[in-house]
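Using the working numbering, you'd call the opening residue of the sequence shown number 722 and step up by one each time. Note that the Cβ used here is the ideal one computed from N, Cα and C, for glycine as well.
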Amino acid sequence: MKFKPIDQLSPKVARAEHTLLGAEIAEHDRRYYQDDAPTISDADYDALRRRYEALEAAFPELHAPDSLTKKVGAAPSQKFAKAKHAVPMLSLGNVFSDEEAHEFVARVRRFLGLKDDAPLAFTAEPKIDGLSCSLRYEQGELVLAATRGDGFEGEDVTANVRTIADVPHRLKGDAPAVLEARGEVYMNRADFAALNERQAEAGKMIYANPRNSAAGSLRQIDASVTAQRPLRFFAYAWGEASDMPAKTQKGMLDFLHHAGFVTNRLTKLCHSADEMIAHYRAIEQQRSSLGYDIDGVVYKVDDLSYQQRLGFVSRAPRWAVAHKFPAERATTVLRAIDIQVGRTGALTPVARLDPVTVGGVVVQNATLHNADEIERKDIRVGDTVVIQRAGDVIPQVVEVVLEKRPTDELPKYKFPTRCPRCDSAVVQETDDDGAADVVRRCSGGLICPAQAVERLKHFCSRLAMDIEGLGDRQIELFHEKGLIKTPADIFTLQKRSEAGEFDLTQWEGFGETSVRNLFASIEQRRRIALNRFVYALGIRRIGETNARRLARHFGTFEALRAVASKATEGSEAREEINNIDGVGDVVAEAVADFFLEEHNEKALDALLREVAPQPMEAVANDSPVAGKTVVFTGSLERLTRDEAKAQADRFGAKVSGSVSKKTDLVVAGPGAGSKLTKAQELGIEVISEDEWFRRTGQE
Ligand code: IVH
């Protein structure tokens, strides 16, 4: 890299170079930290930075508060470096009753095509109430410890985890070259109580429960503080493994135990739903004497080849489930009912309560679900009510304690007929059969400020654009002050601030550093994964999974928009969206509604001037079926229908329900009828189920 000698620069030229260089460095930082895809060598990057610093040394007036020289290393506003998980860290689905536990087992059998009497084993073990962590060992040495984060990327807490006595720094015995051990960091109840006592004496922060205490202790910037905290670790799972030391869940746990980890002694191998439930009851009996908090029992299919076949749906494995303990209950007085307006206008009644402790947590607000529920339970302001809380689920009002209703008769609750925020009429949608939807909505749409704020919150949230520093509170404030009205406004904040429109540093709660960090985290999100972007738009019925489906199917935002914006009812475009596997009429209609709405068109145009959604990488793109549209038809003999779909998904193929010009491949089993005929007419390649296995490299 060649630069002009500094002493030959005029102040004006120096300023211009400084600005350009700053932008260039910021871009490289983004590629490096954000995308994990640097485009220059470390040496070249260092040269750019040195030049930048030299300019500032020679021209001190360039040394503005937001100079890059004030930032070091990782993304500025983050406490810890980010760590991408080689294999995503998933969560678990829940069941709350014996019946649902039986259904889980039946579902697994159905997916695998196993008869009722075919043997199928599960492990059953306590669900530890802590925080999960992934520990990466290379050649037996601990090299990285990461928190779960959003499941795909967590925080690098290696130095802190090294201080936990239960975590081996080196694995014992023969270990795979690469092994990620996963499990729960937690704190014993007695240790938690003693820690809180010490904290109180020292005038330091008190933790609400052992889980918070474990999380707070792990996320200390100074690892020597973590070292003094009594953290523990149970291993119960794994991520990447260069080879597998066992063929079963139980076998893997035994391996982890021999490698030096603590595994839970209450893990049991069960051979039926009844046996699993019996073990659940046994663990529940011991719950209070275990010494640490648990909130249920986890059931996992024992055979790892079955686990592999079952795979995942959305963020949870099909082969495991958490059987939660019953919710805890308490009674308190209902003081008021507030109405919250959601991002799609849904009105949710929220109970404001006299504070009460339920399962170790102080509850002041609880959901009342909807108008019908209030009516059915005849809940009135002033009533004594039963509150229930199950794990991390939002507390809810279960029923009224009628004996405690004050004698001077309380008036019946009337659900508002106008939106409490924008005064638009409240409407109740009806479905095709004319039945009224339980949800009442504000009909104000884009004029309702509450809906606008909720949409912005959703846009910035963790699974969407994930803009650090723009939390709910900040968004409410910025919206109220008129600084941010639409998502695009977020990306022009810095420019407008520099143009002197406002000075955030003068606002309460915003210092120079926090403003600088906020601008930096906004900048980082100008490039964003397509699925996150689609999810962030807050289209009705488009959650994370559907957003991923749309992103995968279309590949780029332009392609999605081109089709969706002409997807009127009955059109070929609507049909295409409809045919995406997992997407049906209702979702296709919601997508079309969004893109056909003129206001949204404008907001999107403005947003796309600021943000570049990145094309989706084809999944498993070395698979010969990746990116292809596949139709399964006839009776399959080796795969159940669900499994066929799941496999296609895994190999990056799209499954469609009907044969059209866009179909690339038809997998036909015996008895295939009209779809096969149509494929032959259109000259589409037809293969057998066996050939499908060969093509996808499974045999
Ligand atoms: S297995 C792919 N086993 O529960 C499945 N999770 O609600 C990975 N957890 O994020 C999880 N005890 O933090 C598993 N014995 C156990 C567990 C357990 C606690 C946590 C874990 C997970 C969360 C899901």
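Any idea if residue i is buried or exposed, counting beta-carbon neighbours within 10 angstroms, 16 or more meaning buried?
| i | result |
| --- | --- |
| Gly904 | buried |
| Arg986 | exposed |
| Thr1289 | exposed |
| Ile927 | exposed |
| Gly1259 | buried |
| His1274 | buried |
| Gln970 | buried |
| Met973 | buried |
| Pro931 | buried |
| Thr1398 | exposed |
| Thr844 | buried |
| His739 | buried |
| Thr947 | buried |
| Gln1368 | buried |
| Gly1165 | buried |
| Gly1378 | exposed |
| Arg1330 | exposed |
| Gly1404 | exposed |
| Gly1000 | Note on residue identity: the sequence assigns His, not Gly, to residue 1000. Buried is the call here. |
For residue i, which three-state DSSP category applies?
| i | result |
| --- | --- |
| Met973 | helix |
| His1200 | helix |
| Thr879 | helix |
| Val982 | Sequence check: residue 982 is Phe here, not Val. Coil at Phe982, not helix or strand. |
| Lys1366 | helix |
| Val1018 | strand |
| Asn1299 | helix |
| Leu1068 | strand |
| Glu905 | strand |
| Thr884 | coil |
| Phe825 | helix |
| Gln1006 | helix |
| Leu1191 | coil |
| His1274 | helix |
| Val1034 | strand |
| Tyr1181 | According to the sequence provided, residue 1181 is Cys. The question's Tyr does not apply to it. Note: Cys1181 maps to helix in three-state DSSP. |
Please determine whether the Cβ atom of residue i lies at a distance below 7 angstroms from any heavy atom of the ligand ZN.
| i | result |
| --- | --- |
| Asn1267 | Summarising the ligand content, the structure contains the ligand IVH and does not contain the ligand ZN. |
At what residues does the beta strand (DSSP E) containing residue i begin and finish?
| i | result |
| --- | --- |
| Gly960 | Leu952 to Ala962 |
| Leu1281 | First-last for Leu1281: Phe1278 to Ala1285, but that is the alpha helix (DSSP H), not the beta strand (DSSP E). |
| Leu863 | Glu862 to Thr868 |
| Pro847 | Phe843 to Ile849 |
| Ser855 | Leu852 to Glu859 |
| Thr1417 | Thr1417 -> no beta strand (DSSP E), and no H or E assigned at all. |
| Phe1353 | Thr1350 to Thr1354 |
Among residues of its own chain, excluding the 5 on either side of residue i, which ones have a beta-carbon nearer than 8 angstroms to its beta-carbon?
| i | result |
| --- | --- |
| Arg1270 | Ile1301, Asp1302, Gly1303 and Val1304 |
| Asp757 | With a pLDDT of 44 at Asp757, under the threshold of 50, the modelled position of this residue cannot be trusted; read the value that follows with caution. Correct list, in chain order: Lys805. |
| Cys1169 | Val1062, Gly1066, Cys1140, Arg1142, Cys1143, Ser1145 and Cys1163 |
| Ser1344 | Phe1372, Gly1373, Ala1374, Thr1417 and Gly1418 |
Taking the C-alpha atoms as reference points, what is the distance between residue i and residue j?
| i | j | result |
| --- | --- | --- |
| Val1018 | Lys1178 | 34 angstroms |
| Arg1421 | Pro1038 | For the chain, the structure presents residues 722 to 1420; residue 1421 sits outside this window and is missing. |
| Tyr1027 | Trp1040 | 8 angstroms |
| Arg1371 | Phe817 | 30 angstroms |
| Met1428 | Arg1008 | This structure cannot speak to residue 1428, because the chain is shown only from 722 to 1420. |
| His1044 | Tyr1020 | 7 angstroms |
| Thr1384 | Asp1314 | 26 angstroms |
| Lys1323 | Met1186 | 20 angstroms |
| His771 | Ala744 | Note on identity: in this sequence residue 771 is Arg, with His being the wrong assignment. C-alpha separation (whole angstroms): 15 angstroms. |
| His784 | Ala1257 | 36 angstroms |
Report all residues from its chain with a CB closer than 7 angstroms to the CB of residue i; omit the five preceding and five following residues, and keep chain order.
| i | result |
| --- | --- |
| Gly1421 | Since the first residue shown for the chain is 722 and the last is 1420, residue 1421 is missing from the structure and cannot be characterised. |
| Pro809 | Gly872 and Phe873 |
| Arg1126 | Asp1104 |
| Gly894 | His979 and Ala980 |
| Ser731 | none |
| Ser934 | Met908, Phe913, Leu916 and Tyr928 |
| Ile1015 | Pro847, Lys848, Ile849, Asp850 and Arg1008 |
With a threshold of 6 angstroms on Cβ separation, who are the neighbours of residue i within its own chain once the five nearest residues in sequence on each side are excluded?
| i | result |
| --- | --- |
| Phe1316 | Ala1285 and Ser1286 |
| Val711 | Since the first residue of the chain shown is 722 and the last is 1420, residue 711 is not available in this structure. |
| Leu900 | Tyr858 and Ala962 |
| Pro797 | Note that Pro797 scores a pLDDT of 30, beneath 50, so its modelled location is shaky; the value from the coordinates is reported in the next line. These residues qualify, in order along the chain: Asn1238 and Ala1241. |
| Ser1356 | Gly1390, Pro1391 and Gly1392 |
Could you pull the start and end residues of the alpha helix (DSSP H) that residue i belongs to?
| i | result |
| --- | --- |
| Cys1169 | Cys1169 -> no alpha helix (DSSP H), and no H or E assigned at all. |
| Ala931 | Looking at the sequence shown, residue 931 is not Ala but Pro. From DSSP, the alpha helix (DSSP H) with Pro931 extends over Pro931 to Leu939. |
| Pro1334 | Looking at the DSSP string, Pro1334 is not in any alpha helix (DSSP H); the run it does join, the beta strand (DSSP E), is Ala1333 to Gln1335. |
Using a Cβ-Cβ cut-off of 8 angstroms, state whether residue i counts as contacting chain D.
| i | result |
| --- | --- |
| Val1147 | Looking at the structure shown, chain D is missing, and only one protein chain is on hand. |
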